[in-house]
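For reference, the structure discussed in these notes is given below.
Number of protein chains: 2
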Amino acid sequence: MPEQNKANPTKFITVFCGASPGRDPEYVEMAKELGREMLKRNYGLVYGGGSYGLMGAIAQTIHEGGGKVIGVIPAALKKIERPEIGETNNDLVYGEERVVPDMHTRKAMMNKLCDAFITLPGGYGTMEELLEITTWSQLSIHAKPVMLFNMKGYFEHLLKFIEHSIEEKFVVEWSAGVIVAGSTAVEVLDKLEVYQPPKSRFAL
Amino acid sequence: MPEQNKANPTKFITVFCGASPGRDPEYVEMAKELGREMLKRNYGLVYGGGSYGLMGAIAQTIHEGGGKVIGVIPAALKKIERPEIGETNNDLVYGEERVVPDMHTRKAMMNKLCDAFITLPGGYGTMEELLEITTWSQLSIHAKPVMLFNMKGYFEHLLKFIEHSIEEKFVVEWSAGVIVAGSTAVEVLDKLEVYQPPKSRFAL
Ligand SMILES: [Mg+2]
Chain D
1 MPEQNKANPT
11 KFITVFCGAS
21 PGRDPEYVEM
31 AKELGREMLK
41 RNYGLVYGGG
51 SYGLMGAIAQ
61 TIHEGGGKVI
71 GVIPAALKKI
81 ERPEIGETNN
91 DLVYGEERVV
101 PDMHTRKAMM
111 NKLCDAFITL
121 PGGYGTMEEL
131 LEITTWSQLS
141 IHAKPVMLFN
151 MKGYFEHLLK
161 FIEHSIEEKF
171 VVEWSAGVIV
181 AGSTAVEVLD
191 KLEVYQPPKS
201 RFAL
Chain V
205 MPEQNKANPT
215 KFITVFCGAS
225 PGRDPEYVEM
235 AKELGREMLK
245 RNYGLVYGGG
255 SYGLMGAIAQ
265 TIHEGGGKVI
275 GVIPAALKKI
285 ERPEIGETNN
295 DLVYGEERVV
305 PDMHTRKAMM
315 NKLCDAFITL
325 PGGYGTMEEL
335 LEITTWSQLS
345 IHAKPVMLFN
355 MKGYFEHLLK
365 FIEHSIEEKF
375 VVEWSAGVIV
385 AGSTAVEVLD
395 KLEVYQPPKS
405 RFAL
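These protein sequences, in sequence, are chains D and V.
Going by my numbering, 138 is the number at position 138 of the first sequence; the sequence numbering is gapless.
Going by my numbering, 343 is the number at position 139 of the second sequence; the sequence numbering is gapless.
Structure (C-alpha cells):
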C-alpha cells in the first residue's frame, strides 16, 4: 500500500490500553501485531498519548510504518511521574499530539475522532474507558463497534462478570452484544468490520 | 436518634447501583438493610436519582426513615423509557432532586457532595462509575473510601479480574487497596469508617 494512502486512513480506531507493558512480553508483541494489521488495512490510530507500555508499542508501530497516529493527552497527565514502574515522562511523541485541558475533553475528542473502539489490556483507567463507551452505546450516544482484544485471555474474568450481571438481571440481555471480543489482531479487526450494534438500545 | 439530627448527617455517602432490582429479591432486601444501617449512623445518601430497583430501594428506605437523600439526575436521563423492563419514568422523587445538564456534571456533583462511595450491584453504568472514582483515587484527585457492597458474591468475578490485572502488572500492586469490599451492610460501613487510601498514589 503506497505511503500517500496512509496519510488518509479509511477508518480511525480509538485504542484504550495500559501505559504498562504487562508481565509477559507477548502483550507488547500482540499490541505491535495489531498495529501492523491496522497499517495493512489503512486504519489510523487515536489513543491516549504517551510512549510507554502497550500504548507506546502500538503508536510506535503505526507511526514508524507510515500510518496516522493522533495522541490526545490532558495537560496534567503529561506531567505525571511513575517512579514505581521506573518511568518518568519525556517528550517522545509518535505522530500528532493534541494536548487537551482535562480528562473529560480527552474522552469527548477520542470519541469524536474515531469510527470504532478497541480495548487492550490495561488497568482501572482502561477499564473505565471501556465501560464508559459501552454505557454510551447502550444509551444510543454512539453506535460504533466496541471491541475487546482479549490477549492471552486477559479479559476472561471481566467477561464472566458481565455474563453474571446478565444472569442476575442487572444488565439487560441485549446489552451483551455491545462488547465483542477477539483473541488475535486479525480476529478483532475482522469482527470490527462486520460489527452491528444491538438493535434495541435505550433511546434518550 | 431524634429526627432533627438526621437533617444534618455526619457523612454523605454516594451510592452507585443499578436501576434494576436484580433477579433475586435478596438484592433489594440488602439495599434496604444498607439504608437502615446508614440511618442508624446518621449518614445521608447521594445517588443517581430515580425510584427503581436498588436505587429506589435505598433512597426510599432512607427518605422514609427521616434521613437526608439527594438525587442527582441529568435532564436527558429523566426522560428515558425502559419498556423492556416494564418501566417508564414517573415523578416519584425521594428527598431532594438536583437536575443537572449532563452526565459529566452529575459525576462531578456526586463526587463533590460526598465523603465516601459505596457501589452496589448494577450494570455497565454502575461499573463505569466505580472504575472512574477508583481511577480518580489512584490519580490523587480524591482520597475518599471506595467501598464495594459485594452482595451474594455479585462482584467475585470483577475482584478476580482486578487480581489478574495486578498479577499481569497492568495495575500496580498498591492500587489493589483502593477498593475495599464487604458482604454485609454492617461490614461495608465498619470498613468505610476505618478506610485509609493507599499511601503511594500517583501525584499529578
Ligand atoms: Mg467515566
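From the three backbone atoms N, C-alpha and C, an ideal C-beta is built for every residue, glycine too.
Euclidean distance between Cα positions of V172(D) and C221(V): When rounded, the distance between both Cα atoms is 15 Å.
Any chance you could list the alpha helix (DSSP H) runs of at least 4 consecutive residues sitting entirely within the stretch 144 to 183 of chain D, in chain order? Look at the stretch 144 to 183 of chain D and you find these whole runs of alpha helix (DSSP H), each 4 residues long or longer: 156 to 167.
To which residues does DSSP link I133(D) through a beta bridge? Beta-bridge pairing links I133(D) to no other residue.
Which runs of the alpha helix (DSSP H), 4 residues or longer, sit entirely within the stretch 34 to 117 of chain D? Entirely contained in the stretch 34 to 117 of chain D, the alpha helix (DSSP H) runs reaching 4 residues are, in chain order, 53 to 64, 75 to 78 and 103 to 113.
When DSSP labels each residue in this structure, what does T119(D) get in the three-state scheme? The DSSP-derived three-state label of T119(D) is strand.
Just checking, does the stretch 158 to 167 of chain D make contact with the stretch 362 to 375 of chain V on the three C-beta pairs under 8 Å criterion? Output reads yes: the stretch 362 to 375 of chain V touches the stretch 158 to 167 of chain D.
With the cut-off set at 8 Å, would you say M55(D) and A185(D) are in Cβ contact? No, the pair does not count as a contact, with Cβ atoms beyond the cut-off.
What residues are listed by DSSP as bridge partners for I345(V)? None; I345(V) has no bridge partner.
With 16 other CB atoms within 10 Å as the buried threshold, where does V219(V) fall? It counts as buried.
Considering Cα atoms alone, identify which of H142(D), F117(D), I58(D) and F170(D) is closest to G326(V). Distances from the alpha-carbon of G326(V) to those of H142(D), F117(D), I58(D) and F170(D) put F170(D) closest.
Pull up the distance between the alpha-carbon of Y358(V) and that of R227(V), whole angstroms please. Roughly 12 Å separates the two Cα atoms.
So if DSSP puts K395(V) in a beta bridge, which residue, or which two residues, is it bridged to? Within the DSSP bridge table, the entry for K395(V) names no partner.
Report yes or no: is there a C-beta of chain D within less than 8 Å of the C-beta of V350(V)? For V350(V), no CB of chain D lies under 8 Å from its own CB, so it is not counted at the interface with that chain.
Using only alpha-carbon positions, find the residue among E97(D), I62(D), L34(D) and L92(D) that is nearest to I73(D). Comparing Cα-Cα distances from I73(D) to each of E97(D), I62(D), L34(D) and L92(D), the minimum goes to E97(D).
Residues of chain V with a CB under 7 Å from the CB of K223(D): which are they? What is shown of chain D runs 1 to 204, which leaves residue 223(D) out entirely.
Whether or not the stretch 310 to 325 of chain V and the stretch 344 to 356 of chain V are in contact is what I'm after, with contact meaning three or more pairs of Cβ atoms, one per stretch, closer than 8 Å; do they touch? Result yes; three or more Cβ-Cβ pairs closer than 8 Å.
In the DSSP assignment, the beta strand (DSSP E) including T10(D) goes from what residue to what residue? For T10(D), there is no enclosing beta strand (DSSP E), as DSSP marks it with neither H nor E.
Does any residue of chain V bring its CB to less than 8 Å from the CB of Q60(D)? So, not an interface residue.
Kindly indicate which residue of V273(V), L343(V), G299(V) and K282(V) has the alpha-carbon position closest to the one of W378(V). If we check each option's Cα against that of W378(V), L343(V) comes out closest.
Check whether the stretch 126 to 140 of chain D and the stretch 93 to 111 of chain D touch, using three or more Cβ-Cβ pairs below 8 Å as the test. They touch, by the three-pair rule.
Rounded distance between the beta-carbons of D319(V) and I383(V), thought under 8 Å: 17 Å between Cβ atoms; not a contact.
Step through the CB atoms of chain V and report whether any lies within less than 8 Å of the CB of P121(D). Judged by the 8 Å Cβ criterion, P121(D) is in contact with chain V.
Is the CB-CB distance between G252(V) and G269(V) below 8 Å? Between G252(V) and G269(V), the gap from beta carbon to beta carbon reaches 8 Å or more.
DSSP three-state assignment for Y27(D), whether helix, strand or coil: DSSP, read as helix, strand or coil, puts Y27(D) in helix.
Return the chain-ordered list of same chain residues with a C-beta closer than 6 Å to the C-beta of S165(D), the five sequence neighbours on each side being excluded. Closer than 6 Å at Cβ, skipping near neighbours: V171.
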